[in-house]
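**Q** Per full-length UniProt numbering, residue 1 is the first one in the sequence shown, and the count goes up by one each step.
For glycine and all other residues, C-beta sits at the position ideal for the given N, C-alpha and C.
These numbers come from a predicted model, not from an experiment.
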Amino acid sequence: MPLKKSNGSGEMQVIVAGWIRMEGEAAPTLLSAQGHIDAALAEKGCIAYEWAVYPGKTDTIFVFEQWETIDDLIAHLNAEPYFAMGGHLENAGIAGAEVLCHSVNKSQNIYGNDGLIAEEIFGIRTR
1 MPLKKSNGSG EMQVIVAGWI RMEGEAAPTL LSAQGHIDAA LAEKGCIAYE
51 WAVYPGKTDT IFVFEQWETI DDLIAHLNAE PYFAMGGHLE NAGIAGAEVL
101 CHSVNKSQNI YGNDGLIAEE IFGIRTR
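1. Give the secondary structure of L41 by DSSP, where H, G and I count as helix, E and B as strand, and everything else as coil.
2. Would you kindly report the start and end of the unbroken beta strand (DSSP E) that includes Y49?
3. Can you give me the C-alpha to C-alpha distance between I124 and Y111, rounded to a whole angstrom?
4. Whose C-beta lies closer than 8 Å to the C-beta of A95 among residues of the same chain, with five residues either side of it excluded?
5. CB A40 to CB Y49, shorter than 8 Å?
6. Give the straight-line distance between the Cα atoms of N7 and S32, rounded to the nearest whole angstrom.
7. With DSSP collapsed to three states, give me the class of T58.
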């Protein structure tokens, strides 16, 4: 499968991924944050804004976000949904966190049409 740019504009997409450890159980905090999540999903350039309780770690939230451009992410970081979610998490009690952003200039499917791992990933043979 050919490589493709992350978005049609030629700009790099941005992935935000990491974890946030809460002082207590994470599930109630996430359930009551749905409005904040929905607001972020409605923002320009938001492709994904997925938050979930980390498997096997009931106090930890897994964070995954995908943004069309760095400008879209920066706009989010200065918008009400970001501040509202931050306040919500702060009120629930944050014990620790590591959330990183990654620039993405290419992406491709990891599986081929045959259901197997692609024969090549970014030009490197896999099988």
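**A** Concretely, from the data shown:
1. helix
2. Taken as a continuous stretch (DSSP letters only), the beta strand (DSSP E) holding Y49 covers C46 to V53.
3. 14 Å
4. The residues R21, M22, E23 and D59, in chain order, have a CB closer than 8 Å to that of A95 in the same chain once the five nearest residues on each side in sequence are set aside.
5. yes
6. Bear in mind that the predicted position of N7 carries a pLDDT of just 49, short of 50, making it unreliable; the figure below should be weighed with that in mind. So the alpha carbons of these two residues sit roughly 32 Å apart.
7. coil
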